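Only one structure is covered here, and it is reproduced in the block below.
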Amino acid sequence: WDEKDITYRFKNRREEAIQLVCEKFNNETGLNLTQTELEKQVTRLRKTCSFEKNRKLIATRKKSQYRPKFAYSEYIEFLEKDVAPFECSICRKILLGPDAFKVHFATHDGSLPFKCDICGHGFQLACNLAVHLRRHVHDYTFSCGVCNKPCATTSEVKIHMRSHTDEKPFVCDFCGYRTRTSSHLLTHRLRHQKRPRHKCKLCPKTFYETGSLYEHMSIHRNIRDKICAICNKGFTSNKQLHQHQLIHNAEKKYSCKICEKRFAQYAGLSGHMKTHGSKITTNASET
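For the sequence shown, the UniProt record's numbering gives the first residue as 1, with consecutive numbering after it.
This is the structure:
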């Protein structure tokens, strides 16, 4: 099983992968193991590897010689990177699971232990990464009972339902602003306090939301993954894409006060105003 595979953390996809492994194993060996029997054998091998890895760690700490108890130990050493125990190279603490080890190690450098290989977004919990990955591949388990919008989790369905009921249970105690989610309220409060949480590593710009930071980083990297469905032109941000789509939609909402010529984009109006020798701030308006 490839950890780099985007569906690695999907339980249903792992079940499918195990079925395929079982079929391939039986075809290549001539055996007729059931999926349950194969899983038991794999579990036994992992326990054996974990046992030997622990003995090896103890021997290293005691500075004594290590001798494997099983003749086939060398053939399952490749499993060591996935089975306990895991020793932190910084503080020597022993962890009993790969995810627990990642979370612990992140406490030393302040990083987010679970990273999306597609967009680079980081998470503190493995379960949140799994939900995030489902959105990338549009693998949704739940849906709205009103409009059938697909959702990745039950809590996402609950939050979405508030858009139908207009329920906004989270209230800012400073200005009375109401919102549907606690995360939006937190971001709103940070704006009051002028405390942006995210800073660009390449320039001085700061942001209150991770989404805004990632969109900004796309500009630095010139990643044009926001694609126009009509002409396939790519843009670095949703804002640029929306401005471009106005051209296709023929929504010319910027008007010249001198000759009444209309434009779909502010930049078009700005360029046009130069032909009049006028400043746009005094001779143009948005209608």
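All C-beta atoms in this analysis are idealised placements derived from N, C-alpha and C, irrespective of residue type, glycine included. The model shown is predicted, which means the values in this text are computed figures rather than measured ones.
Contact under 9 Å by Cβ, residue i with residue j
i      : j      : result
Pro98  : Phe86  : yes
Leu190 : Pro196 : yes
Gly145 : Tyr214 : no
Ser64  : Cys49  : no
Phe170 : Thr153 : no
Ile159 : His136 : no
Cys256 : Leu241 : no
Alpha-carbon spacing of residue i relative to residue j, whole angstroms
i      : j      : result
His164 : Cys151 : 15 Å
Lys233 : Lys226 : 8 Å
Ala130 : Ser111 : 18 Å
Glu286 : Ser237 : Its pLDDT being 43, under 50, Glu286 is placed unreliably in this model, and the value from its coordinates should be taken loosely. Computed Cα separation, rounded: 23 Å.
Gln35  : Leu79  : 20 Å
His244 : Ala229 : 11 Å
Ala100 : Asn54  : 17 Å
Arg134 : Cys127 : 11 Å
Arg44  : Val83  : 12 Å
Phe105 : Thr179 : 35 Å
Ala17  : Pro113 : 25 Å
Gln124 : Thr107 : 10 Å
8 Å contact criterion, which residue i and residue j should meet: CB distance rounded
i      : j      : result
His220 : Phe207 : In fact, because the Cβ distance is near 13 Å, the residues do not count as touching under 8 Å.
Leu172 : Leu185 : Here residue 172 is Cys; the residue named in the question, Leu, does not match the sequence. So it is a contact: roughly 6 Å between Cβ atoms.
Thr187 : Glu167 : Not confirmed; about 19 Å, so no contact.
His132 : Cys116 : 6 Å
Residue i, DSSP secondary structure in three states
i      : result
Glu209 : coil
Ile56  : What sits at residue 56 in the sequence shown is Lys, not Ile. Looking at Lys56 - three-state DSSP - the assignment turns out to be helix.
Val137 : coil
Arg92  : coil
Lys199 : strand
Pro98  : helix
Lys226 : strand
Heavy atom of the ligand GTP within 8 Å of residue i beta-carbon
i      : result
Arg262 : Although the ligand GTP was asked about, the structure shown includes no ligands whatsoever.
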